[in-house]
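Asker:
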Amino acid sequence: MARPFCIEFAGALYHVPAHGNAREDIYHNDIDRQQFLLLLQNIVNRYDWYCHAYCLMDNHYHLLIETNSPTLSNGMKYLNGTYPPYFNRQHQRVGHVFQGRFKAILVQKNAYLLKLARYIALNPVRAQMVRSAKATIRVKPYNLHHYPNILIFNKLKFT
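For the sequence shown, position 43 (counting from the first letter as 1) is numbered 43 according to UniProt numbering, and the numbering increases by one without interruption.
1. Would MET76 and PHE102 qualify as a contact pair, given that the criterion is a beta-carbon distance under 7 Å?
2. By how many angstroms is the C-alpha of GLU66 removed from the C-alpha of CYS6?
3. In three-state DSSP terms, what is GLY20?
4. Does the pairing of the region 72-89 with the region 113-121 give three or more beta-carbon distances under 8 Å?
5. Using CA coordinates, which residue listed in ILE31, ASP58, TYR54 and LEU122 is at the minimum distance from VAL16?
6. Put ILE105 into one of helix, strand or coil per three-state DSSP.
7. Please state if the CB of ALA18 and the CB of VAL86 are separated by a distance shorter than 7 Å.
8. For TYR86, report the span of its alpha helix (DSSP H) as first-last.
9. Would the beta-carbon of VAL94 fall within 7 Å of that of PRO84?
10. Distance check for GLN108 and LEU64, CA to CA, integer angstroms please.
11. Determine the burial state of ALA104: buried for a count of at least 16 other Cβ atoms within 10 Å of its Cβ, exposed for fewer.
12. Are the CB atoms of ASN45 and ARG23 within a distance shorter than 7 Å?
13. Taking the continuous beta strand (DSSP E) assigned at ILE65, which residues delimit it?
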């Protein structure tokens, strides 16, 4: 069966969730999260994306990405292809880390940007990992003192 077609164009906004294989954790500690964020930062800069919001849960992540050119598939291939070898090496394991290919849900910017950012921010609250979204919001991407990690951007790029 062929992969679903990913519609890509300049200015597109995507909700990109990816889950751990068999619902297994994809981060075991803050070092894993830091490595994932470093890769994400590299990709955001390399492909000229805006990361409006992200949330790293134990066994999945959510990204809210806006692309300036049709590069989502290339960037996600790099992210989901580079992190697993690191994770497997760090934790002396083999096999898949992510459950299948990433999903990319094309979002109408004007109608859903704030709603989707709120959904991403409240994900750890709904999972009862924190008491409120306020406890998870970060102003810098590498502030890993609290768990889980979420960052809400307002049209900012990683620097």
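All C-beta atoms, glycine included, are put in the ideal place defined by N, C-alpha and C. Owing to the predicted nature of the structure, the values given are computational and were not obtained by experimental measurement.
Answerer: Let me lay it out:
1. yes
2. 14 Å
3. strand
4. no
5. TYR54
6. strand
7. The question names Val, but residue 86 in the sequence shown is Tyr. Contact: no.
8. 72-90
9. no
10. 12 Å
11. buried
12. no
13. 60-67
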